[in-house]
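Below is one structure, written out as structure tokens, with a few remarks after it.
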């Protein structure tokens with residue numbers, strides 16, 4: 096894993112403002128150390144390190160607002176100003192590179208007055224009652240006001256909202272009244288994700304964050320990834336909250352309310368309860384969900400395993416057609432389809448490549464389709480009485496479950512997508528302190544899942560799960576004979592784009608499950624399978640451009656795309672803040688969980704074997720699975736009418 | 317075009333065009349910068365950074381490409397001397413840029429021209445074409461092997477803030493015209509991330525003059541810390557407004573005498589972002605060591621209401637702030653509201669002090685020179701004319717806001 100800022104490679108900001116180490120003219124000088132004396136504490140830092148980073152190293156806290164560890168330097172809020180000896184004006188510590196010995200004071204009267212005045216100005220333009228704000232206990236502006244002794248609104252405070260809210264999107268809500276123009280969302284959208292939906296509009300006092308032609312979010316090229324929500328310091332950007340609707344369903348005795356929980360929320364939800372990042376609360380959460388009133392709690396990992404089988408089979412079919420039948424029209428590499436942010440990204444920006452996207456639905460939607468068919472059938476429940484909720488680390492899942500085509504069960508397959516943050520709120524409202532809950536398991540019949548499902552939450556996880564299964568089903572050997580503990584390390588980690596190759600030097604017998612798909616594996620013998628992994632849509636864009644140009648990525652057979660930096664564990668529905676450090680800890684929690692599973696390969700999941708025997712009887716990619724588990728995409732393009 | 321209403325002849329009229337360039341090509345790069353150093357010239361845009369230091373830094377910076385940018389975004393209220401220079405002495409400006417290119421090792425010059433000066437484009441293109449035809453731009457200038465330099469025009473789009481050099485560069489790159497964080501400075505990381513010198517129109521013209529007449533000549537004029545001559549745009553309540561040339565260090569009183577404004581109540585030096593100097597301080601010198609200016613002088617007669625002036629300036633800054641940093645974006649409207657309260661006699665002493673504290677924060681903590689200087693007029697009026705601004709309706713001391 097690298098400590099580099101995520102946007103360092105992708106940013107379109109001026110070179111001088113990309114990283115926390117600002118490049119200076121003489122590259123020969125980089126690498127040297129320079130002494131900084133901050134509030135009397137001496138530290139030695141590499142040339143070009145910002146005052147803020149040097150102060151952190153010295154254990155001195157400088158307040159920040161527009162700064163975010165994932166984003167390029169802005170230096171616009173001016174909260175972090177400090178006195179630098181020899182300088183007439185105060186300097187923004189987040190943006191000031193140290194290139195010569197320097198003396199800095201961080202809390203002089205001048206500095207304190209400036210910070211207080213700046214906060215008073217922000218509050219003079221920030222409309223909103225903390226009581227009714229979803230960010231009330233988690234708001235950086237409120238925290239700064241507290242830390243800086245704000246006791247009155249010296250420059251006034253708006254008594255009426257000044258702007259209309261934008262509730263058009265299924266996923267992301269905007270309330271410009273709470274915006275403090277820190278531009279984190281803009282930098283997230285433009286630099287980190289390279290989607291470019293949000294930009295500053297107008298100037299001076301009229302400046303504000305806007306979409307193209309001020310259109311509602313639902314009508315622009317927003318991919319709903321929610322990364323902007325995760326970086327907003329106030330409540331100006333939030334996820335569409337559906338907790339009221341879910342409580343209403345729970346309170347309705349005629350409804351059978353089921354919950355499926357994705358792997359990433361369990362690695363993050365502890366943060367909503369004050370735990371340090373990296374504490375998985377999987378089984379405590381199951382108990383809490385039942386106490387909140389959910390009738391059944393399932394593990395989305397089951398359909399993650401199912402995705403591996405379906406998507407993997409689809410890949411084998413594509414490869415067979417291309418290699419054996421010499422069908423020139425087969426679209427390769429195949430792209431994953433689990434990340435709804437990525438799916439909308441490709442629909443908007445690379446619609447000509449939609450035939451590369453696996454037709455397999457995401458695990459959330461596969462589960463939804465099975466609950467209102469298979470599960471309803473075996474439990475004798477009328478599917479119209481089922482309310483199906485999906486706990487996801489994701490804001491885009493809310494959009495996904497509302498796609499009109501996602502109704503193959505005859506009903507809306509998934510009724511509500513719920514974010515980790517919303518569940519935290521529901522559990523608190525239920526009077527429950529999650530970390531104290533006793534543990535309990537998932538409900539049958541999907542109870543057992545595998546480690547392969549769990550790692551879907553981290554970038555590279557889908558690919559690792561797929562490789563584990565392909566190695567065993569095709570080569571007829573144990574993964575462990577190639578990779579210690581079946582940990583396929585080349586596809587793990589936080590590198591933006593990863594590539595791995597696997598040479599199939601021997602093949603095994605075709606397992607029963609795939610008998611109808613291929614006669615034997617001989618055609619794969621000696622082949623080298625090349626796979627790619629990328630996360631964050633800025634990296635996805637790089638990969639797509641490389642494919643367009645016929646570069647290395649176009650030679651891959653299968654590529655995993657995740658819209659969010661770090662994969663789902665860094666999703667737009669996860670607790671705030673999300674930083675590179677926190678993503679690492681959540682990833683660790685996920686891989687630790689994988690390591691302790693008895694069954695760690697999708698194809699060995701007994702519930703998977705079961706469902707192909709009892710329900711999806713014509714096998715992977717068969718007629719029934721096509722009806723329920725596969726879908727199509729919409730070429731949206733990026734031109735907005 | 318502009319016809320100065322005074323008999324004050326500009327030195328530019330006496331400079332032999334291209335004499336400086338012809339001299340410069342005989343010198344080494346170090347000596348070119350040395351000549352400039354000897355002149356002691358500081359930037360004529362107003363900030364007063366020594367031009368030779370800027371050129372030297374850019375010359376020393378590593379970069380496969382370097383740029384020479386002429387800041388012709390003359391937007392400071394009350395400034396119009398660059399327009400005159402571009403109209404009458406464009407050759408000197410282009411000559412100065414060409415010498416700059418030779419000094420720093422650049423082959424590309426860009427004139428960032430204020431949108432309102434679009435009418436000058438045909439004239440400037442004509443001068444450039446003639447210079448190209450005469451071998452003064454293009455490849456192997458004046459026969460000097462490997463001395464390649466050309467200049468093109470780039471139009472601004474009307475934003476005042478683009479006169480700030482890093483905002484200008486952002487605008488050149490096609491982005492919103494917003495100042496960057498400094499350091500790093502443009503001499504190091506400028507246009508397209510390459511070393512770039514950005515100098516005012518007048519600075520380049522004087523540079524040409526300096527090579528024609530020698531650095532020592534320039535250094536012998538003005539004061540020790542503010543050498544040479546300077547053009548001033550003089551407007552307002554005086555008999556003979558226009559463009560004037562004075563040696564640096566001239567006192568405000570002497571200047572007013574020349575322009576027929578001796579009866580002034582106050583003088584705004586440095587445009588809207590400058591300082592409002594009261595009559596009691598007219599003996600002060602216009603020089604970098606005392607009152608620095610880019611050349612805008614606005615004379616206020618006895619009948620002027622200083623709050624009207626402050627209001628006018630602050631309305632301008634509310635509009636022209638890029639909106640990037642909090643102190644400037646949100647501070648200027650608060651100062652404007654404060655002036656309006658003062659006009660109505662509804663600003664308490666307490667609130668005036670809050671506003672002055674805010675003004676200090678804006679001066680210290682804003683990201684660029686715009687926000688750092690926008691409160692200057694307000695602060696100097698509130699300091700020097702306290703009785704006048706507080707005495708409006710007598711309610712001032714009894715609370716209000």
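Chains as they are written, first to last, in the working numbering: chain A, 96 to 736; chain B, 317 to 717.
For every residue, glycine included, the Cβ atom is placed at its ideal position computed from N, Cα and C.
The structure displayed is predicted, hence computed values, not measured ones.
- If you look at residue 380 (chain A), you'll find it isn't in any beta strand (DSSP E); it sits in the alpha helix (DSSP H) that goes 377 to 387.
- From the listed residues B:608, B:573, B:491, the smallest Cα separation to residue 295 (chain A) is found for B:491.
- Contacts with chain B at 8 Å (Cβ-Cβ) do not include residue 272 (chain A).
- According to DSSP, residue 627 (chain A) shares a beta bridge with A:594, A:654.
- In the structure shown, residue 508 (chain A) adopts coil according to DSSP, grouped into three states.
- Contact check for residue 153 (chain A) against residue 193 (chain A) fails: the beta carbons are separated by 8 Å or more.
- The beta carbons of residue 612 (chain B) and residue 576 (chain B) sit about 18 Å from each other, so the pair does not count as a contact at 8 Å.
- Taken atom to atom, the span from the alpha-carbon of residue 596 (chain A) to that of residue 694 (chain A) is near 25 Å.
- As computed with DSSP, residue 186 (chain A) is found in a beta bridge with A:177.
- Taking the Cα positions, residue 411 (chain B) is about 23 Å away from residue 391 (chain B).
- For residue 416 (chain A), the uninterrupted alpha helix (DSSP H) run begins and ends at 396 to 418, by DSSP.
- Interface annotation for the stretch 334 to 367 of chain B against chain A: empty, criterion Cβ-Cβ distance under 7 Å.
- For the stretch 385 to 404 of chain B, the set of residues with a beta-carbon nearer than 7 Å to any beta-carbon of chain A is empty.
- Following the DSSP letters along the chain, one finds residue 466 (chain B) inside the beta strand (DSSP E) bounded by residues 466 to 471.
- The residue from A:281, A:479, A:362 with its alpha-carbon nearest to that of residue 684 (chain A) is A:362.
- Residue pairing for residue 333 (chain A): DSSP places it in a beta bridge opposite A:268.
- Neighbours of residue 213 (chain A) in chain B, taken as residues at a C-beta separation under 8 Å, are given in chain order as 642, 643, 677, 681.
- When rounded, the separation of the alpha-carbon atoms in residue 348 (chain B) and residue 382 (chain B) is 17 Å.
- According to the DSSP secondary-structure assignment, residue 386 (chain B) is paired through a beta bridge with B:427, B:515.
- In the three-state reduction of the DSSP assignment, residue 694 (chain A) falls in the coil class, being assigned neither a helical nor a strand state.
- About 11 Å separates the CB atoms of residue 672 (chain B) and residue 663 (chain B); that is not less than 8 Å, and the two are not in contact.
- Under the three-state reduction of DSSP, residue 235 (chain A) is assigned to helix.
- The C-beta of residue 172 (chain A) comes closer than 8 Å to at least one C-beta of chain B.
- Our two residues, residue 404 (chain B) and residue 516 (chain B), have alpha carbons roughly 16 Å apart in a direct line.
- Distances from the alpha-carbon of residue 258 (chain A) to those of A:249, A:299, A:309 put A:309 closest.
- A distance below 7 Å between beta-carbons, with the five flanking residues on each side excluded, links residue 581 (chain A) to the following residues of its chain, in chain order: 563, 574, 575, 695.
- Contact check between the stretch 307 to 326 of chain A and the stretch 451 to 461 of chain A: fewer than three CB pairs, one atom from each, fall below 8 Å, which does not count as touching.
- Contact note: residue 176 (chain A) reaches chain B through 680, 681, using a C-beta cutoff of 8 Å and chain order.
- Residues of chain B whose Cβ lies closer than 8 Å to the Cβ of residue 185 (chain A) are, in chain order, 680, 681.
- A residue is called buried once 16 or more other Cβ atoms fall within 10 Å of its Cβ, and residue 413 (chain B) is buried on that count.
- When Cβ-Cβ separations below 8 Å define contact, residue 646 (chain B) makes contact with chain A.
- Residue A:395 holds the alpha-carbon nearest to the alpha-carbon of residue 541 (chain A) among A:334, A:613, A:340, A:395.
- Neighbours of residue 638 (chain B) in chain A, taken as residues at a C-beta separation under 7 Å, are given in chain order as 298.
- Beta-bridge pairing by DSSP links residue 584 (chain B) to B:592, B:614.
- If you check each beta-carbon in the stretch 247 to 261 of chain A against every beta-carbon of chain B, the ones closer than 7 Å belong to 249, 250.
- Beta-carbon to beta-carbon, residue 492 (chain A) and residue 512 (chain A) are separated by about 4 Å, close enough to satisfy the 8 Å threshold.
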